[in-house]
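Residue numbers (the working numbering): 254 to 494.
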Ligand SMILES: Cc1ncc(COP(=O)(O)O)c(C=O)c1O
């Protein structure tokens, strides 16, 4: 959560929910609480408008302010003329992207259900003798639900004879693409420039070192997940110290 200030001085929090459209926390949808919430519709998100996203606001007045900020600082007057109140940006979504986004939005429940079914399959296949550390599952009793934009595992690198790169290469050689989000920002070039150093946030560093995102997409089948799990188990078994 980042805090910002409107031009008239009022402060507001901006919640980055880029990956989590459809997630729930304590029984409420993400976006239904907090001040402003942003969702991303980049192609690797749960729904897409190719590029762009959505900003959830609280009322019509906020929507009007954001509309001006989005488009040159323009406000529309009652006599159908326009005023420019401040230097705004040019962040409007093209109509073609919006049309794609609307039809994707209608399919969100279907995509979420599919992702949740695939994740259930991942847990069913990997949980009995986990070859890697599995992600935590939201506590259904606390009425939480994940939108499962990614399924990330941690590799037990200290017990393996291969590096993460070698693991990913082995999967890729068998036709299985993986990801590695995210870096530990404090030890990236930018973070170091601002005083970040190794050892400062050991958990973030370990997670950045060990994370592998396994394939997850609403277009996948249970058989795809089975193949991924069998390959992960096989590669890790061969690399055990
Ligand atoms: C946490 C988080 N915030 C923001 C973004 C950026 O979203 P966009 O590409 O729509 O600007 C991403 C993209 O993956 C993200 O993961």
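Where a beta carbon is used, it is the ideal one built from N, C-alpha and C, also for glycine.
Remember, it's a predicted structure, so these values are computed and weren't measured experimentally.
Beta-carbon proximity check, residue i vs residue j, cutoff 8 angstroms
i	j	result
residue 454	residue 437	yes
residue 468	residue 481	yes
residue 293	residue 306	yes
residue 358	residue 473	no
residue 301	residue 270	no
residue 492	residue 414	yes
residue 463	residue 407	yes
residue 268	residue 287	yes
Those residues which DSSP pairs with residue i across a bridge
i	result
residue 432	466
residue 293	306
residue 329	335
residue 282	277
residue 369	Partner(s): none; residue 369 has no beta bridge.
residue 343	324
residue 493	413
Cβ-Cβ separation, residue j to residue i (assumed contact under 8 angstroms), whole Å
i	j	result
residue 485	residue 385	7 angstroms
residue 461	residue 276	Contact doesn't hold; Cβ gap of about 22 angstroms is too wide.
residue 354	residue 323	Incorrect: roughly 15 angstroms between the Cβ atoms, too far for contact.
residue 280	residue 396	4 angstroms
residue 297	residue 400	13 angstroms between Cβ atoms; not a contact.
residue 289	residue 308	6 angstroms
residue 344	residue 326	Contact doesn't hold; Cβ gap of about 12 angstroms is too wide.
Burial state of residue i, where buried means 16 or more other Cβ atoms lie within 10 Å
i	result
residue 517	Lying outside 254 to 494, the shown extent of the chain, residue 517 is not represented and no answer is given.
residue 465	buried
residue 375	buried
residue 456	exposed
residue 364	buried
residue 452	exposed
residue 443	exposed
residue 367	buried
residue 431	buried
residue 448	exposed
residue 337	exposed
residue 478	buried
> Quick one: complete beta strand (DSSP E) runs, 3+ long, within the stretch 379-431?
Replying inline: If one requires a minimum length of 3 residues, the beta strand (DSSP E) runs lying completely within the stretch 379-431 are 404-407, in chain order.
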